[in-house]
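For reference, the structure is listed below as structure tokens.
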């Protein structure tokens with residue numbers, strides 16, 4: 005009966021590598037601890053951290069108080085510390101939800117052509133509602149909405165040319181609906197645009 009071959013031991017290089025990994029892993033755990041912070045390294049005052057986080061975010065663009073509060077929560081800043089820091093930033097004017105809402109409405113209506121309803125929904129997601137939102141939305145009245153809706157339809161008319169009128173109507177109404185316009189306004193604006201286009205083609209012929 006053939007003699008059993010003993011199981012091969014790990015090669016010396018493999019053993020050394022394994023020992024090295026174990027030692028290095030132990031050093032990392034020892035240095036950083038379970039939470040990943042380097043041992044002996046101060047975590048810093050939570051209020052200072054919260055201020056730094058907020059100031060970095062505000063450097064890029066204005067933010068609502070809720071946006072900053074959400075960011076601090078994700079960074080695990082205690083709620084009471086976050087409230088104190090945010091209130092102080094409000095006192096010195098670095099957080100101003102009213103100014104933020106007005107700028108947001110003006111920009112989103114001008115650039116995206118959003119309706120008042122869509123703008124109000126966006127403001128709610130930023131934590132701005134009630135009188136603050138209502139005041140900001142006063143910048144957009146019914147005439148502004150109609151003008152923005154017409155501009156959107158005019159930009160999309162060419163991309164639907166050659167299609168059946170009913171198909172064009174549905175697509176163009178869908179464009180306005182996605183920006184928060186009411187069904188009645190959307191159908192009226194689309195009908196007027198298609199009628200004007202047809203009249204213009206006939207007069208040229």
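In my numbering, the protein residues as written are 5 to 209. Ideal placement from N, C-alpha and C gives every residue a C-beta, glycine not left out.
Taking the alpha helix (DSSP H) that residue i belongs to, which residues open and close that run?
i           : result
residue 99  : Counting along the chain, residue 99 falls outside any alpha helix (DSSP H), and DSSP gives it neither H nor E.
residue 89  : 83-95
residue 134 : 134-141
Nearest CA to the CA of residue i: which residue from the options?
i           : options            : result
residue 180 : 118, 199, 50       : 118
residue 89  : 52, 131, 127       : 52
residue 130 : 72, 160, 113       : 72
residue 110 : 61, 149, 190, 197  : 149
residue 60  : 87, 93, 83         : 93
residue 197 : 154, 182, 186, 174 : 154
residue 114 : 75, 87, 144        : 144
residue 171 : 128, 194, 126, 158 : 194
residue 68  : 48, 191, 159, 103  : 103
residue 116 : 159, 64, 204       : 159
residue 169 : 182, 188, 199, 186 : 199
residue 191 : 64, 173, 79, 139   : 173
Look at residue i and residue j and say whether their C-beta atoms are less than 8 Å apart.
i           : j           : result
residue 121 : residue 178 : no
residue 142 : residue 123 : no
residue 137 : residue 105 : yes
residue 99  : residue 50  : no
residue 54  : residue 96  : no
residue 101 : residue 57  : no
residue 164 : residue 156 : no
residue 107 : residue 152 : no
residue 112 : residue 126 : yes
residue 201 : residue 161 : yes
Does DSSP put residue i in a helix, a strand or coil?
i           : result
residue 121 : helix
residue 197 : helix
residue 72  : helix
residue 180 : helix
residue 67  : coil
residue 163 : helix
residue 80  : coil
residue 168 : coil
residue 144 : coil
residue 186 : coil
residue 52  : helix
residue 204 : helix
residue 191 : helix
Consider the Cβ of residue i: report whether some Cβ of chain C lies at a distance smaller than 8 Å.
i          : result
residue 67 : Going by chain labels, chain C is absent from the structure shown, which holds only one protein chain.
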